[in-house]
Amino acid sequence: MMRLLRETPRDRDRAALDRFVEAQSAYVAQRMTIGYCEIKAGPLRHSLFREAGFQVLLERSRWEAFAAVRADMAVAIRDRLRPHAGDPAAIERALVEDFAAALAAAPHFTDRPDGFAAEVTALAARLALGRAADPQPPARIFAQGGGRVFDCLPIHPSLRDHEREMIVNGVCFHAVGALSKADLRFDWPALAADLAAGARAAA
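Count along the sequence shown from 1, then add 6; that gives the number in my numbering.
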């Protein structure tokens, strides 16, 4: 089995990484929003999910959760690329660009006239701030997004206050699992070069 894993060519390009990160972030976000609401509603879930008002809240929750997990994933991926980064700032620009492109597909929310622009700015600042610091354990990285996922759940706070730890741990579990898959799938040195080259070309 290990011989087969070693012989399998690893993905080396930015587009493959972006597709992977987007898919895994969407999976974690939906698992921890839709899945939670289904369990929380129990036998009433079918009627709840048919309510137009709840559908709007759930769609908003899904996108907020996706943005949170996608940002954490960018930080974790940056830490994987860091040992191979000749130009860390260029790699960070590429990760921010891909994050912004993913969130550009979000529907318009009336209380977000600028979409997720603030999250894009926050990610750029977060990456720059962490550049000189030691890499954080992945679970600590994903705990930040996990807290945001909990805060955006479309269930009244009085019915879920005691479940924050469960949601944060769930996000961390699934996101760390996705990062482990990335370690098996990607050639980090080649990816570092590809992201840096793409960011420099776009600058």
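Glycine residues also receive a C-beta, built at the ideal position from the N, C-alpha and C atoms.
Judged by their CB atoms, Ala73 and Ala112 are nearer to each other than the 9 Å cut-off. Relative to Ala80, the option among Gln150, Arg51 and Glu44 whose CA is nearest is Gln150. In this structure, Ala196 places its C-beta atom within 9 Å of the C-beta atom of Arg18.
Going by beta carbons, Ile161 and Met38 fall outside the 9 Å limit. When the five nearest sequence neighbours on each side are left out, the beta carbons in the same chain lying within less than 8 Å of the beta carbon of Val102 are those of Ala80, Val126, Leu129, Ala130 and Leu133, in order along the chain. In the structure shown, Asp19 adopts coil according to DSSP, grouped into three states. With fewer than 16 other Cβ atoms inside 10 Å of its own Cβ, Gly92 counts as exposed.
As computed with DSSP, Phe192 is found in a beta bridge with Asp17.
Fewer than three beta-carbon pairs drawn from the segment 135-145 and the segment 52-69 are found closer than 8 Å, and the two stretches are therefore not classed as touching. Under the 10 Å beta carbon count, Glu171 is surrounded by fewer than 16 other beta carbons and is classified as exposed.
Across the structure, Arg66 and Arg118 are spaced so that their CA atoms are roughly 11 Å apart. Inclusion of Tyr33 and His180 in the CB contact set at 9 Å is warranted, their separation being smaller than that value. Scanning Ala184, Ala95, Trp194 and Asp193 for the CA closest to the CA of Val27 turns up Ala184. Leaving aside the five residues that flank Val182 on each side, the residues in its chain whose CB is nearer than 7 Å to its CB run, in chain order, Pro144, Ala145 and Phe148.
The beta-carbon distance between Ile97 and Arg84, rounded to whole angstroms, is 7 Å. This is short enough to meet the 8 Å contact definition.
Excluding its 5 nearest sequence neighbours in each direction, Phe192 has C-beta neighbours in its own chain below 7 Å: Arg16, Asp17 and Leu23, listed in chain order.
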